[in-house]
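Chains as they are written, first to last, in the working numbering: chain A, 357 to 575; chain B, 357 to 575. Below: the structure, in structure tokens.
There are 2 protein chains.
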Amino acid sequence: MKKYIPILKKTKLFAGVADEEIGAMLSCLDARVRTYKKGEYVHRQGEHLNSITVLVDGELHIQRDDYWGNRTIVNRIAIGELFGEAYAAPESGALLNDVVAVEDSTVIFFDVRRIITVCSSACRFHSMVVQNLFFAISEKNRTLVQKIGHISKRTTREKLISYLSEEAKRQNSASLIIPFNRQQLADFLSVDRSAMSNELCKMRDEGLIEFEKNQFRLL
Amino acid sequence: MKKYIPILKKTKLFAGVADEEIGAMLSCLDARVRTYKKGEYVHRQGEHLNSITVLVDGELHIQRDDYWGNRTIVNRIAIGELFGEAYAAPESGALLNDVVAVEDSTVIFFDVRRIITVCSSACRFHSMVVQNLFFAISEKNRTLVQKIGHISKRTTREKLISYLSEEAKRQNSASLIIPFNRQQLADFLSVDRSAMSNELCKMRDEGLIEFEKNQFRLL
DNA sequence: TCTTTTCTGTTGCAAAAACAACCGATTTGT
DNA sequence: ACAAATCGGTTGTTTTTGCAACAGAAAAGA
Chain A
357 MKKYIPILKK TKLFAGVADE EIGAMLSCLD ARVRTYKKGE YVHRQGEHLN
407 SITVLVDGEL HIQRDDYWGN RTIVNRIAIG ELFGEAYAAP ESGALLNDVV
457 AVEDSTVIFF DVRRIITVCS SACRFHSMVV QNLFFAISEK NRTLVQKIGH
507 ISKRTTREKL ISYLSEEAKR QNSASLIIPF NRQQLADFLS VDRSAMSNEL
557 CKMRDEGLIE FEKNQFRLL
Chain B
357 MKKYIPILKK TKLFAGVADE EIGAMLSCLD ARVRTYKKGE YVHRQGEHLN
407 SITVLVDGEL HIQRDDYWGN RTIVNRIAIG ELFGEAYAAP ESGALLNDVV
457 AVEDSTVIFF DVRRIITVCS SACRFHSMVV QNLFFAISEK NRTLVQKIGH
507 ISKRTTREKL ISYLSEEAKR QNSASLIIPF NRQQLADFLS VDRSAMSNEL
557 CKMRDEGLIE FEKNQFRLL
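In structure tokens form, the structure reads like this:
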């Protein structure tokens, strides 16, 4: 468990917390490590969570498959990010989506109650972690609103432009690498893959964008 | 200002805080009241917030109009709910949407830094407010994910069913009243009003639902 | 290395949505 | 009470999407 301290230090939850404090908090917060193979489910829709999940390696998707096999990718969790903050509240109900490892992944679970309830004794940095948690959920909130901005556009082209421009802004460059393949991007933007692929090529032919694999450039 | 204490007591931010404590915190948190006429903007996209907004009367929409006049209603703020929690973090950037009063409304602004930074002295209930804030943002997060669930459905009919069923579940009855008129519902679900109206009537003719104005019944 | 699977682009067709225009009913404001 | 504005439903046309099927390229696995 100790070996994860340098990695945890870089996560949003433990930003600004000293190494030795993280070590102390690992037991204080009842941390448990687990690895998942690509494709395995970390959580399933309908479960009741009592832990917060920190991703230390790999990649997770928050997604939902409907009865007919249509998939919606709600969000993506990258290394250092966390999941389950929104279910920390006591009466937060069942999990709305599945959480799936899209790469071989390693996560650390922390007991949610022990994070929320500031312990009296040892953990001097506990309040820092609580604040980090608050900022993390706050940031995720804004991410979700941005996503709503993308998918509420009426046409596939507009959705693509909305998503790609925001990603370009975030990466601070007109040239950008997206973390999705075509099918995943379509599932993320809630459109049909083939129609989207078609639209991307039209946009390229019109000189709006260039792309190769998941590297894009806005012109 | 004192007269708002009974109302504030019922808001998500001050749940569980005693009257006299709220009174004390009003000055501690630098509370300011303001009223808005129907249609007025409370905040505009691009602004940088430094306050949290509690709605004590009326109704707000979080929305965005694009260049061609298409409106997207991202969320709705009802009496007792708050706005701006997601912008409490120092580096949270500019406001992504407009905040508009859809009815004559009264809001109270609280200095965001004073909420986050727990004051040393008087406010015994301050930590309760911080926790309330956390739960509020947490709940909003889940609301946003639900909304993504609705609008990521592929057809207008599916969007309507998704929205109406969730609302029925929330109101715990197959008969429900929605807080939108037709245009607003269309803007909320990101579809065309006339197409949606059409679809609603088809669903009624097929015996799936009944409705009159904004009262619906699922069959 | 060879086979199998996944990924991406392409096409045609059917279904659905957006758009525009209109009308009667209801609501709002004076 | 009356005029004006808003609201909800209807229809027809155009545009866009979803869907299915296929093929070459790339990647993964044996």
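Glycine is no exception: its CB is placed at the ideal position from the N, C-alpha and C atoms. Just so we're clear, the structure is a prediction, and the values are computed from it rather than from any experiment.
> Which residues share a DSSP beta bridge with A:V456?
Replying inline: A:Y397, A:H417
>> Beta carbons nearer than 9 Å to chain B: which residues of the stretch 432-453 of chain A have them?
In response: E441, A442, Y443, A444, A445, P446, E447, S448, G449, L452, N453
>> The alpha helix (DSSP H) that contains A:R510, what's its start and end?
In response: Segment: none, A:R510 is in no alpha helix (DSSP H) and carries neither H nor E.
> Less than 8 Å separating the beta-carbons of B:A551 and B:F481?
Replying inline: no
> Name the DSSP bridge partner or partners of A:I534?
Replying inline: According to DSSP, A:I534 bridges with nothing at all.
> In angstroms, rounded to a whole number, what distance separates the CA positions of A:Q527 and A:T499?
Replying inline: 15 Å
> To which residues of the same chain is A:T367 closer than 6 Å at the C-beta, ignoring the five residues directly before and after it?
Replying inline: V410, G436
> What's the call for A:I507, buried or exposed, on a 16-neighbour Cβ count within 10 Å?
Replying inline: buried
> What residue from B:A530, B:G395, B:V547 has the CA that sits closest to B:F567's CA?
Replying inline: B:A530
> So is A:K368 in contact with chain B if we call contact Cβ pairs under 8 Å?
Replying inline: no
> CB-CB under 6 Å to A:M559, same chain, minus the five flanking residues each way: which ones, in chain order?
Replying inline: I565
> Start and end of the beta strand (DSSP E) containing B:I464?
Replying inline: 461-467
> Between B:L541 and B:I534, is the Cβ-Cβ spacing less than 8 Å?
Replying inline: yes
> According to a CB-to-CB cut-off of less than 8 Å, which residues of the stretch 510-536 of chain B neighbour chain A?
Replying inline: R510
> What residue range is occupied by the uninterrupted beta strand (DSSP E) comprising A:L574?
Replying inline: 571-574
> When the Cα of B:N497 is compared with those of A:G563, A:V389, A:C557, A:F439, which residue comes out closest?
Replying inline: A:F439
>> Going by DSSP, what residue range makes up the alpha helix (DSSP H) through A:E555?
In response: 549-561
>> Within a Cβ cutoff of 8 Å, which residues of the same chain sit near B:N431, ignoring the five residues on either side of it in sequence?
In response: H417, I418, K496, T499, L500, K503
> Who are the neighbours of B:Q502 on chain A, taking C-beta pairs under 8 Å?
Replying inline: L452
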